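In our numbering, the protein residues as written are 14 to 507. Where a beta carbon is used, it is the ideal one built from N, C-alpha and C, also for glycine. Computed from a predicted model, the values in this text were never measured in an experiment. First up is the structure itself, then whatever we jot down about it.
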């Protein structure tokens, strides 16, 4: 019976990873196409305006969810009343926060060099987190069941509709408003599709008891998410405040494009792994084996994804945008390096969350943010500094601080989470080392072609083909079990 349970769980996890990956890749493909068009049509200042608004929206969205979606995923059998309570709570908080931010819009404009354009932009943009609040529970239910095909369909529909609206408005000359209405359309269509197709409807009841039962996990994750949000957005705030909207536009583009790969891998694995871990949380042997395989799977994906993008960064930007966003390229590369440690740390967080050790996750977030704030304090005088014609020189110094903070957190996180899985820190390092080494070899082969090919399109194509061939081939020679299983699962229809 245990063997049958292992097989079923393995099959469900594999299917969840597969459909999460399909979802994220399709999202990023549509996002990529839309982003390319908007990046060519809009100005650096337009992206800076939206980037300033997104700083406040990120915090508002955080309070809307309150960390309870993690608690629902961690709970083995949440009831209909549990889901309904979280839904009504999320919507109520969303409406309250929107009203507060609506009246605070003039203050936001004052912070960013008293730019009055931010007042109407922010008031409309903030509607998006109310729409998001209506979709959180519907998405969570499907992920809990490891059935994410409809989530993928809803995301694709929202992105497609948002792309049409955003591109049309950009062509018509609406500037930053194109991004605002693209975001609202995306969220509205996604939520509508989920509500029309899920078959689930909430009870018109609210249980304070159910809400309290989620507090232990939810409050810990909310505190962690709050610090994580501070960590991710504090730089946008200070860049816009001190350096201005144009440098913020360059940073926003670099951050957006780097997050495409990072988010795809991280959210795919977290959505699939956390429900699986919650099923085996009471069996230490199965939990240990699952954690080891998840470490290897994460490393197999994240190292080549980030490494290949780092090598191909100049060609990607030049093929898509010409030289318009060249100042974003070095920022993009530093953010990719940080992304490796961000994804690995997020994977380790899953082990602590599955075992309801959210205080540990919170402490690690405090450590990372403490290191980040230390580097911010040191580099703050140079944020607006330039070096000759390099207007993002100070931003590069700032981003190295983010990278160092992430490395510190990653190292400590290994030492703290490895014992939870019944292993030691060196075991975690051995899980990742082979894939890191093979990626470096593949990157070296890719880099060699920069000396013999000058056409960016041809170089991009050759580097992609060479990198993939070397990495996959090297894993075949090393008889990688993870690669064999990945190919096997991707080849299945279900």
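N-terminal and C-terminal residue of the alpha helix (DSSP H) that residue i is part of
{"i": "residue 486", "result": "469-490"}
{"i": "residue 195", "result": "190-210"}
{"i": "residue 312", "result": "297-334"}
{"i": "residue 364", "result": "342-367"}
{"i": "residue 111", "result": "93-124"}
{"i": "residue 438", "result": "438-461"}
{"i": "residue 172", "result": "162-184"}
{"i": "residue 379", "result": "371-392"}
{"i": "residue 225", "result": "221-226"}
{"i": "residue 413", "result": "406-430"}
{"i": "residue 143", "result": "141-146"}
{"i": "residue 155", "result": "149-157"}
{"i": "residue 465", "result": "Here residue 465 belongs to no alpha helix (DSSP H), and DSSP marks it neither H nor E."}
{"i": "residue 134", "result": "131-138"}
Beta-carbon proximity list for residue i, same chain, < 7 Å, skipping 5 on both sides
{"i": "residue 452", "result": "316, 317, 320, 484"}
{"i": "residue 224", "result": "98, 102"}
{"i": "residue 475", "result": "462, 466"}
{"i": "residue 179", "result": "47, 51, 191, 192, 194, 195"}
{"i": "residue 220", "result": "94, 98"}
{"i": "residue 112", "result": "none"}
Straight-line gap, residue i to residue j (C-alpha atoms, nearest Å)
{"i": "residue 151", "j": "residue 211", "result": "7 Å"}
{"i": "residue 108", "j": "residue 143", "result": "7 Å"}
{"i": "residue 427", "j": "residue 305", "result": "13 Å"}
{"i": "residue 61", "j": "residue 494", "result": "45 Å"}
{"i": "residue 314", "j": "residue 448", "result": "9 Å"}
{"i": "residue 425", "j": "residue 382", "result": "13 Å"}
{"i": "residue 106", "j": "residue 208", "result": "20 Å"}
{"i": "residue 325", "j": "residue 349", "result": "12 Å"}
{"i": "residue 254", "j": "residue 218", "result": "44 Å"}
{"i": "residue 117", "j": "residue 69", "result": "11 Å"}
{"i": "residue 56", "j": "residue 263", "result": "10 Å"}
{"i": "residue 188", "j": "residue 51", "result": "9 Å"}
{"i": "residue 44", "j": "residue 465", "result": "32 Å"}
{"i": "residue 145", "j": "residue 327", "result": "34 Å"}
{"i": "residue 298", "j": "residue 434", "result": "9 Å"}
{"i": "residue 377", "j": "residue 307", "result": "20 Å"}
{"i": "residue 201", "j": "residue 401", "result": "45 Å"}
{"i": "residue 498", "j": "residue 488", "result": "12 Å"}
{"i": "residue 181", "j": "residue 191", "result": "8 Å"}
{"i": "residue 339", "j": "residue 332", "result": "11 Å"}
{"i": "residue 408", "j": "residue 389", "result": "11 Å"}
{"i": "residue 395", "j": "residue 384", "result": "18 Å"}
{"i": "residue 261", "j": "residue 135", "result": "17 Å"}
{"i": "residue 496", "j": "residue 468", "result": "32 Å"}
{"i": "residue 351", "j": "residue 184", "result": "35 Å"}
{"i": "residue 197", "j": "residue 47", "result": "15 Å"}
{"i": "residue 344", "j": "residue 460", "result": "19 Å"}
{"i": "residue 416", "j": "residue 153", "result": "31 Å"}
{"i": "residue 404", "j": "residue 93", "result": "54 Å"}
{"i": "residue 398", "j": "residue 406", "result": "6 Å"}
{"i": "residue 443", "j": "residue 312", "result": "10 Å"}
{"i": "residue 104", "j": "residue 457", "result": "50 Å"}
6 Å Cβ shell around residue i - same chain, five flanking residues per side excluded
{"i": "residue 491", "result": "none"}
{"i": "residue 455", "result": "480, 483, 484"}
{"i": "residue 323", "result": "346, 349"}
{"i": "residue 507", "result": "Legend: pLDDT at residue 507 = 48, less than 50; position of this residue unreliable, value from coordinates given subsequently. Contacts found: none."}
{"i": "residue 95", "result": "223"}
{"i": "residue 215", "result": "97, 100"}
{"i": "residue 59", "result": "188, 189"}
{"i": "residue 470", "result": "332"}
Beta-carbon gap between residue i and residue j smaller than 8 Å
{"i": "residue 436", "j": "residue 301", "result": "yes"}
{"i": "residue 387", "j": "residue 347", "result": "no"}
{"i": "residue 53", "j": "residue 500", "result": "no"}
{"i": "residue 473", "j": "residue 247", "result": "no"}
{"i": "residue 430", "j": "residue 365", "result": "yes"}
{"i": "residue 250", "j": "residue 393", "result": "no"}
{"i": "residue 122", "j": "residue 203", "result": "no"}
{"i": "residue 356", "j": "residue 275", "result": "yes"}
{"i": "residue 362", "j": "residue 374", "result": "yes"}
{"i": "residue 163", "j": "residue 155", "result": "yes"}
Whole-Å CB distance - residue i paired with residue j, under 8 Å assumed
{"i": "residue 174", "j": "residue 199", "result": "7 Å"}
{"i": "residue 256", "j": "residue 341", "result": "Actually they do not touch by this definition, with Cβ atoms about 14 Å apart."}
{"i": "residue 445", "j": "residue 354", "result": "Not really, about 11 Å apart at Cβ, beyond 8 Å."}
{"i": "residue 193", "j": "residue 259", "result": "That pair is no contact at about 19 Å."}
{"i": "residue 66", "j": "residue 131", "result": "6 Å"}
{"i": "residue 206", "j": "residue 167", "result": "4 Å"}
{"i": "residue 265", "j": "residue 64", "result": "4 Å"}
Near the ligand MG: residue i beta-carbon under 7 Å from a heavy atom
{"i": "residue 417", "result": "Ligands displayed in this structure: none; no statement on the ligand MG is therefore possible."}
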